[in-house]
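S.K.:
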Amino acid sequence: MTVSLPPADELTVAGRRIRCRISGSGPAVVLLHGIGRTLDDFTGQHELLATDHRVVSVDLPGHGGSAPLDAPHTLPALAAAVAEFLDAAGVDRPAHLVGNSLGGAVAMRLAADEPSRAASLALVNSAGFGREVTVALRLLALRPLGRLLLRRPHPAVARRTELAIFRDPAYATEERVAAALAVARQPHAARVMLELVRSLGTWRGVRPQWRAELLDAVAALDVPTLVVWGDRDLILPATHLTAARSRLPRARTHLFADTGHMPQIERAEEFHALLRDFWADADLA
1 MTVSLPPADE
11 LTVAGRRIRC
21 RISGSGPAVV
31 LLHGIGRTLD
41 DFTGQHELLA
51 TDHRVVSVDL
61 PGHGGSAPLD
71 APHTLPALAA
81 AVAEFLDAAG
91 VDRPAHLVGN
101 SLGGAVAMRL
111 AADEPSRAAS
121 LALVNSAGFG
131 REVTVALRLL
141 ALRPLGRLLL
151 RRPHPAVARR
161 TELAIFRDPA
171 YATEERVAAA
181 LAVARQPHAA
191 RVMLELVRSL
201 GTWRGVRPQW
211 RAELLDAVAA
221 LDVPTLVVWG
231 DRDLILPATH
241 LTAARSRLPR
251 ARTHLFADTG
261 HMPQIERAEE
271 FHALLRDFWA
281 DADLA
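For the sequence shown, the positions run 1 to 285 when full-length UniProt numbering is used.
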């Protein structure tokens, strides 16, 4: 099935097609999107950062224009696949890892498993800091309801999802709805989503075991960390920022006012400035 997505680059990694966008020169920045999403959630930040950084955006395996893994899609599997991709893309020095939602957890897992890859972590409304998650994802963990819900993606569902992501409905554009629907209709999309949802949580919420282990590992790292949230997030509530402050006491934190699940889009200029200040203060720019 042809997916209608904006033009991007393509690499073959371990025999699999990977959709990516690589531009600019300077210190490396890696941008990682959330579950069921694509690298296009970081288009604006990619362009802003590429003026003086080598910026790498990637569709995670089984997402967007990237082929799925042969093995089950789990957090460790995604982190390992990102590591393989970075090698193929020639990112051979520590990079600034920036992850939204699931992408934040992937960034943390990658840093914990291979600390030499991370110059810093910027975690944007990141998975991993609490049990609470939108009911839409909790329902997918129920068998066989999850498969039934994903079997026939519908435009109305795609529109509701986009509206839930943003505080300002103007960002839930027809282009974003159409792209999300096209991605959800790929033959492997339901399998990938169900594998991820069921490995990370249950109908009660996000599993505590992997969260505790991962946050312990990240807390033990000597890596500058920034955690940001939107105060009107309907996917992962802003109360998770309090947990982040507790579990990662050395991290810098910021709460965006009147903002949803993707501050990098709704507060693009402010988010960009925050990243720049964070890297400069850590002497990493």
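Built from N, CA and C at the ideal position, the CB exists for glycine as well. Keep in mind the model is a prediction, meaning the values are calculated, not measured.
Within 8 Å, do at least three Cβ pairs link the segment 158 to 177 to the segment 105 to 114?
M.R.: Too few Cβ pairs lie closer than 8 Å, so no.
S.K.: Does the contact criterion of 3 or more C-beta pairs under 8 Å hold for the segment 12 to 20 versus the segment 176 to 192?
M.R.: With the cut-off at 8 Å, the segment 12 to 20 and the segment 176 to 192 do not touch.
S.K.: Would Ala257 be called buried (16 or more neighbouring beta carbons within 10 Å of its own) or exposed?
M.R.: So Ala257 ends up on the exposed side.
S.K.: Taking Ala251 as the reference, give the member of Phe271, Leu221, Val30, Thr51 with the closest Cα.
M.R.: Of the listed residues, the one whose Cα sits closest to Ala251 is Leu221.
S.K.: Round the Cβ separation of Ser126 and Val30 to the nearest angstrom and send it over; I've been treating them as touching at under 8 Å.
M.R.: 14 Å between Cβ atoms; not a contact.
S.K.: Indicate the three-state DSSP secondary structure (helix, strand or coil) for Ile35 in the structure shown.
M.R.: It is coil, neither helix nor strand.
S.K.: Just mark Arg267 as buried or exposed, buried being the case when its beta carbon has 16 or more other beta carbons within 10 Å.
M.R.: The residue in question, Arg267, is buried, as its Cβ has 16 or more Cβ neighbours within 10 Å.
S.K.: In angstroms, rounded to a whole number, what distance separates the CA positions of Asp70 and Gly62?
M.R.: Cα to Cα, the separation comes out at about 10 Å.
S.K.: With a Cβ-Cβ cutoff of 9 Å, do Val183 and Gly34 count as a contact?
M.R.: Contact: no.
S.K.: Whole angstroms is fine: what's the gap from Phe85's alpha carbon to Val13's?
M.R.: If you take the alpha carbons of Phe85 and Val13, they lie about 6 Å apart.
S.K.: Taking only the alpha-carbon atoms, compute the straight-line gap between Val124 and Leu215 and give it to the nearest angstrom.
M.R.: Cα to Cα, Val124 sits roughly 15 Å from Leu215.
S.K.: Alpha carbon to alpha carbon, how far is Ser25 from Val133? Give it in angstroms, no decimals.
M.R.: Rounded to the nearest angstrom, the two C-alpha atoms are 37 Å apart.
S.K.: On a CA-only basis, which of Thr259, Asp277, Thr225, Ala217 is nearest Arg232? Give me that one, please.
M.R.: For the residues Thr259, Asp277, Thr225, Ala217, the minimum Cα distance to Arg232 belongs to Thr259.
S.K.: Helix, strand or coil: how does DSSP classify Gly146 here?
M.R.: Three-state DSSP puts Gly146 in a helix.
S.K.: Report buried or exposed for His46, applying the criterion of at least 16 other Cβ atoms within 10 angstroms of its Cβ.
M.R.: The residue in question, His46, is buried, as its Cβ has 16 or more Cβ neighbours within 10 Å.
S.K.: Taking all protein chains shown into account, do 16 or more other C-beta atoms lie within 10 angstroms of the C-beta of Val82, making it buried, or fewer, making it exposed?
M.R.: Buried is the call here.
S.K.: What residue ranges within the segment 45 to 89 form continuous beta strand (DSSP E) runs of no fewer than 3 residues, ordered along the chain?
M.R.: Fully enclosed beta strand (DSSP E) runs of 3 or longer: 54 to 58.
S.K.: Per DSSP, Glu132 forms a beta bridge with which residues?
M.R.: Glu132 pairs with nothing; no bridge assigned.
S.K.: To which residues of the same chain is Gly205 closer than 7 Å at the C-beta, ignoring the five residues directly before and after it?
M.R.: Result list for Gly205: Arg131, Glu132, Val133, Arg138, in chain order.
S.K.: Residues in its own chain within less than 7 Å of Ser116 by CB, not counting five upstream and five downstream?
M.R.: Cβ neighbours of Ser116 beyond the five flanking positions: Pro94.
S.K.: Taking just the CA atoms, how far does Glu213 sit from Leu78?
M.R.: Leu78 and Glu213: Cα-Cα distance of roughly 17 Å.
S.K.: Among the residues of its own chain, which have a CB less than 6 Å from the CB of Ser57, if the five just before and after it don't count?
M.R.: Taken in chain order, the residues that qualify are Arg21, Leu31, Leu39, Phe42, His46.
S.K.: Taking 8 Å as the cut-off, is the C-beta of Arg267 nearer than that to any heavy atom in the ligand ZN?
M.R.: As presented, the structure is devoid of all ligands, the ligand ZN included, so that no description of it is given.
S.K.: Rounded to whole angstroms, how far is the Cβ of Val197 from the Cβ of Leu140, which I believe are closer than 8 Å?
M.R.: Rounded, the Cβ-Cβ distance is 4 Å, consistent with contact.
S.K.: When you compare only the Cα positions, how much space is there between His154 and Ala180?
M.R.: Their backbone Cα atoms lie some 10 Å apart in a straight line.
S.K.: So, is Leu284 buried or exposed, given that buried needs 16 or more other C-beta atoms within 10 angstroms?
M.R.: Exposed.
S.K.: Thinking C-alpha only, which one of Glu175, Pro249, His240 is nearest Leu5?
M.R.: For Leu5, the nearest C-alpha among the options comes from Glu175.
S.K.: If you draw a straight line from the C-alpha of Leu142 to the C-alpha of Leu102, how long is it?
M.R.: Rounded to the nearest angstrom, the two C-alpha atoms are 20 Å apart.
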